[in-house]
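Trainee: Chains as they are written, first to last, in the numbering used here: chain V, 972 to 1216; chain P, 972 to 1216.
Below is a structure I'd like to ask you about.
Protein chains: 2
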Amino acid sequence: MNSTIHTLLNHRSIRKFKDLPLTDEQIDAIIGAAQQASTSSYMMAYSIIGVTDSELKSALADISGQPYVKQNGHLLVFCADLHRQTHLASNEEYSEMIENLENSEHFLVSAIDAALAAQNAAIAAESLGLGICYLGSLRNDISKVDQLLDLPKHVIPLFGMAIGHPAHQPDLKPRLPKKAVYFENQYKEHDESLRAFDKEIAGYYESRSSNSRTDTWTEQMKRRFMKTMRMDVTDLVQKKGFNKR
Amino acid sequence: MNSTIHTLLNHRSIRKFKDLPLTDEQIDAIIGAAQQASTSSYMMAYSIIGVTDSELKSALADISGQPYVKQNGHLLVFCADLHRQTHLASNEEYSEMIENLENSEHFLVSAIDAALAAQNAAIAAESLGLGICYLGSLRNDISKVDQLLDLPKHVIPLFGMAIGHPAHQPDLKPRLPKKAVYFENQYKEHDESLRAFDKEIAGYYESRSSNSRTDTWTEQMKRRFMKTMRMDVTDLVQKKGFNKR
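Given below as structure tokens:
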């Protein structure tokens, strides 16, 4: 196994960081790696906001409900961004572009572009011995995040990433069995492998070094989906000119 | 610079592959790396179809319009997958889950989960000396791809990935200047850096080793958006139970 694959397989989310900011060199390496990720038809349809302002960080931590959004080495917010696409267009050109720009296809493109860049950032950080945690929790109040960052039309916040020097080493979290996720030529139902995973994960939750509990994956998913959450995401997304048709 | 960051910065899309299939060990390493990517609230809301069947590959290549969809070392199709979430639920539980499952928030979650896994796959492959190309072009006819792969409700194809032994070495493609993409604390307009990039990219297109042409990034984006494309993505996505509210 090469060192890159070792880094990839060694990923765990870090939620406690030492009080030590990233250096400019580290940030440059992380952003440079993010920028070189693949991008759909050369659109580079994302932006990254690095948050260093203490008040802004606190406000984002409040939305997220997580202390590590404030206490970390650096905080990034990844945005879907189709604003650059029209920025140098004339008014007439803009009118002609808008129907295509605001469809679901380009919502998908910009979310995927942002995610590919983010994952490169994550891996670059981890290869430097840093830890990361994705912050979907910023979507607890996506409109507020959008306001706080004062994002123009055709730019929306998608998720954050806390980066820093790890102050804990959580257990590696099991993943669904390969055969529940990877199929050859044809999708397969996965009763057996899901039941096997539920058994495995029950053991993991019982025995893990912190936060041990009785649970299965299936039960966890049911709890998550049985109550609605973030139903306002669609309004903000459409208000900002994404996913409208 | 460590070898992982070197791999990340060295990425270029490969569109010509040697006639040499990936080994099972290579595929295992790539899928294993994909599985260890971060996932929103442990949902692992994606599936990967490895396509080896020659007829199926040809049909996907026809949709994509790209010969390297057929001629490669291995072909993956990444899908958004929320089907496992409800698979072991009772009918009553299913009814309670569906409103939340089918909202824009979880469309976003599953697209991002799939993209993070895919980018880990890409990096694992590149670290092994292989090349990759993302295939958004499968969305040229997303309904047909969905049919060909016979995907159940709450599973949709998002994009493909051709992987293989590179048979060419394209130039590294420039990216937008860092200051057009990365901002501290506040989003900034980017007239100047976009104009500078247009100048740079005009030079790149004129001088590159193959397919040289006269073009800028801004003009390319205008051409892309001035005609509508893939307006049917939203219908298929909603028909399959995503992005409905």
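All C-beta atoms, glycine included, are put in the ideal place defined by N, C-alpha and C.
How would you write the range of the alpha helix (DSSP H) that F1078(V) sits in, first residue to last?
Mentor: Counting from one through the first sequence, the residue named residue 1078(V) turns up at place 107. Where F1078(V) is concerned, the enclosing alpha helix (DSSP H) stretches over S1075 to S1098.
Trainee: If A1092(P) sits next to L1129(P), beta carbons under 8 Å apart, how far is it from one beta carbon to the other, in whole angstroms?
Mentor: Within the second sequence, the letter at position 121 stands for residue 1092(P). Within the second sequence, the letter at position 158 stands for residue 1129(P). So it is not a contact: roughly 13 Å between Cβ atoms.
Trainee: According to DSSP, what are the bridge partners of D1052(P)?
Mentor: For this step, residue 1052(P) is matched to residue 81 along the second sequence. Paired residue(s): V1126(P).
Trainee: For K1150(P), count neighbouring C-beta atoms within 10 Å of its own C-beta (all shown protein chains included) and say buried if the count is 16 or more, exposed if not.
Mentor: Numbered from 1 along the second sequence, position 179 holds the residue referred to as residue 1150(P). Per the 10 Å Cβ criterion, exposed.
Trainee: Across the region 1032-1042 of chain V and the region 984-994 of chain V, are there enough close Cβ pairs to call them in contact, namely three or more that are closer than 8 Å?
Mentor: Contact holds: three or more Cβ-Cβ distances are below 8 Å.
Trainee: Taking P1137(V) as the reference, give the member of R1201(V), C1104(V), S1066(V) and Q1209(V) with the closest Cα.
Mentor: Numbered from its first residue, the first sequence carries residue 1137(V) at position 166. Per the Cα distances, C1104(V).
Trainee: Could you tell me the distance, in whole angstroms, from the CA atom of S1009(V) to the CA atom of L1087(V)?
Mentor: Here residue 1009(V) refers to the residue found at position 38 of the first sequence. Here residue 1087(V) refers to the residue found at position 116 of the first sequence. Cα to Cα, the separation comes out at about 7 Å.
Trainee: Using Cβ-Cβ distances below 8 Å, what residues of the region 1182-1204 of chain P are close to chain V?
Mentor: Here the close residues are W1188, T1189, Q1191, M1192, K1193, R1195, F1196, M1197, K1198, T1199, M1200, R1201, M1202 and V1204.
Trainee: At the 8 Å Cβ level, is L1165(P) part of the contact set with chain V, yes or no?
Mentor: Residue mapping note: residue 1165(P) aligns to position 194 of the second sequence, counting from 1. Yes, because at least one Cβ of chain V sits closer than 8 Å to the Cβ of L1165(P).
Trainee: Might you give, ordered along the chain, the residues of its own chain that have their beta carbon closer than 8 Å to the beta carbon of G1107(P), omitting 5 neighbours on each side?
Mentor: One-based indexing of the second sequence puts residue 1107(P) at position 136. So the qualifying residues of the chain are F1130.
Trainee: Would a check of beta-carbon distances place P1123(P) closer than 8 Å to chain V?
Mentor: What you label residue 1123(P) is simply residue 152 of the second sequence in a count that begins at 1. Interface residue, yes.
Trainee: Give the residues from the region 1009-1043 of chain V that approach chain P closer than 9 Å (Cβ to any Cβ), ordered along the chain.
Mentor: Listed in sequence order: S1009, T1010, S1011, S1012, Y1013, M1014, M1015, Y1017, S1018, I1019, I1020, G1021, V1022, T1023, D1024 and L1027.
Trainee: Measure the alpha-carbon distance for A1060(V) versus Y1175(P) and round it to whole angstroms.
Mentor: Here residue 1060(V) corresponds to residue number 89 of the first sequence, with the count starting at 1. Here residue 1175(P) corresponds to residue number 204 of the second sequence, with the count starting at 1. Between A1060(V) and Y1175(P), the C-alpha separation is close to 22 Å.
Trainee: To the nearest angstrom, report how far apart E1064(P) and E996(V) are at their CA atoms.
Mentor: Reading the second sequence from its first residue, position 93 is the one you call residue 1064(P). Reading the first sequence from its first residue, position 25 is the one you call residue 996(V). So the alpha carbons of these two residues sit roughly 50 Å apart.
Trainee: Rounded to whole angstroms, what is the Cα-Cα separation between F1168(P) and E1190(V)?
Mentor: Mapped onto the second sequence, residue 1168(P) falls at position 197. Mapped onto the first sequence, residue 1190(V) falls at position 219. Rounded to whole angstroms, F1168(P) to E1190(V) spans 50 Å at the Cα level.
Trainee: Strictly below 8 Å CB to CB, what residues from chain V border T978(P)?
Mentor: Within the second sequence, residue 978(P) is the residue found at index 7, counting from 1. Going along chain V in sequence order, the residues near T978(P) (Cβ under 8 Å) are T975.
Trainee: Are the region 1197-1214 of chain V and the region 1072-1081 of chain P in contact at 8 Å, needing three or more beta carbon pairs?
Mentor: Yes, the region 1197-1214 of chain V is in contact with the region 1072-1081 of chain P.
Trainee: Output needed for S1035(P): all residues of its chain with C-beta closer than 8 Å, excluding positions within five of it in sequence on either side, in chain order.
Mentor: On the second sequence, residue 1035(P) is found 64 positions in, with the first residue counted as 1. The answer, listed in chain order, is L1106, S1108, L1109, N1111 and G1131.
Trainee: Does the beta carbon of N1214(V) sit closer than 8 Å to a beta carbon anywhere in chain P?
Mentor: The residue labelled residue 1214(V) in the question sits at position 243 within the first sequence. Yes - at least one Cβ of chain P is within 8 Å of the one on N1214(V).
Trainee: Taking C-beta to C-beta, are E1222(P) and G1021(V) nearer than 8 Å?
Mentor: Not covered by the structure: residue 1222(P). The range shown for chain P is 972 to 1216.
Trainee: What do you get for T1185(P), buried or exposed, if any count of 16 or more other CB atoms within 10 angstroms of its CB means buried?
Mentor: The sequence position of residue 1185(P) within the second sequence is 214, counting from 1. When all chains shown are included, T1185(P) counts as exposed.
Trainee: Find the residues of chain V that neighbour Y1105(P), judging by a C-beta separation of less than 9 Å, and give them in chain order.
Mentor: Counted from its first residue, the second sequence places residue 1105(P) at position 134. In chain order: S1009, T1010, S1011, I1083 and L1087.
Trainee: Out of L979(V), V1080(V), I1094(V) and H1125(V), point me to the one whose CA is closest to I1002(P)'s CA.
Mentor: In the second sequence, residue 1002(P) corresponds to position 31, counting from 1. Comparing Cα-Cα distances from I1002(P) to each of L979(V), V1080(V), I1094(V) and H1125(V), the minimum goes to L979(V).
Trainee: Using the three-state DSSP reduction, which class does Y1158(V) fall into: helix, strand or coil?
Mentor: Locating residue 1158(V) in the first sequence gives position 187, where the first residue counts as 1. It is coil, neither helix nor strand.
Trainee: If you drop the 5 nearest sequence neighbours on each side, which residues of the same chain put their C-beta closer than 7 Å to that of W1188(V)?
Mentor: Walking along the first sequence from the start, residue 1188(V) turns up at place 217. For W1188(V), where only same-chain residues beyond five positions count, the Cβ hits under 7 Å are F1168, D1169 and I1172.
Trainee: Let me check understanding here. Comparing Cα to Cα, which of S1183(P), I1134(P), T1057(P) and V1080(P) lies closest to Q991(P)?
Mentor: Here residue 991(P) corresponds to residue number 20 of the second sequence, with the count starting at 1. Reading off the sequence, residue 991(P) comes out as Leu, not Gln. Of the candidates S1183(P), I1134(P), T1057(P) and V1080(P), the one whose C-alpha sits nearest the C-alpha of L991(P) is I1134(P).
Trainee: So is R1146(P) in contact with chain V if we call contact Cβ pairs under 8 Å?
Mentor: Position 175 of the second sequence holds residue 1146(P). Yes, because at least one Cβ of chain V sits closer than 8 Å to the Cβ of R1146(P).
Trainee: Chain V partners of Y1153(P), CB-CB under 7 Å?
Mentor: Your numbering for residue 1153(P) matches position 182 in the second sequence. Those within 7 Å of Y1153(P) in chain V are I1002, I1019 and G1021.
Trainee: In chain P, which residues lie with their C-beta within 7 Å of the C-beta of R1110(V)?
Mentor: Along the first sequence, one-based indexing puts residue 1110(V) at 139. Chain P residues near R1110(V): E1076.
Trainee: I need the DSSP call for L1059(V), collapsed to helix, strand or coil.
Mentor: If you number the first sequence from 1, residue 1059(V) lands on position 88. In this structure, L1059(V) counts as coil in the three-state DSSP scheme.
Trainee: Using only the alpha-carbon positions, how far apart do G1044(P) and D1033(V) sit?
Mentor: One-based indexing of the second sequence puts residue 1044(P) at position 73. One-based indexing of the first sequence puts residue 1033(V) at position 62. Each residue's Cα considered, the two are about 48 Å apart.
Trainee: Whole angstroms is fine: what's the gap from P1148(P)'s alpha carbon to P1123(P)'s?
Mentor: Position 177 of the second sequence, counting from 1, holds the residue named residue 1148(P). Position 152 of the second sequence, counting from 1, holds the residue named residue 1123(P). Each residue's Cα considered, the two are about 42 Å apart.
Trainee: By Cβ distance, which residues of its chain are closer than 8 Å to A1051(P), with the 5 residues on each side in sequence left out?
Mentor: The residue you call residue 1051(P) lines up with position 80 of the second sequence. Within the same chain, A1051(P) has close Cβ partners A1016, Y1017, F1078, S1081, A1082, D1084, A1085, V1126, I1127, L1129 and F1213.
Trainee: Taking the continuous beta strand (DSSP E) assigned at L1106(P), which residues delimit it?
Mentor: In the second sequence, residue 1106(P) corresponds to position 135, counting from 1. First-last of the beta strand (DSSP E) with L1106(P): G1102 to L1106.
Trainee: Along the chain, where does the alpha helix (DSSP H) containing V1040(P) start, and where does it finish?
Mentor: In the second sequence, residue 1040(P) corresponds to position 69, counting from 1. Segment: none, V1040(P) is in no alpha helix (DSSP H) and carries neither H nor E.
Trainee: Should R1055(P) be flagged as near chain V, meaning a C-beta pair shorter than 8 Å?
Mentor: As a first step, residue 1055(P) must be located in the second sequence, where it is residue number 84. Answer yes: the Cβ-Cβ gap between R1055(P) and chain V drops below 8 Å somewhere.
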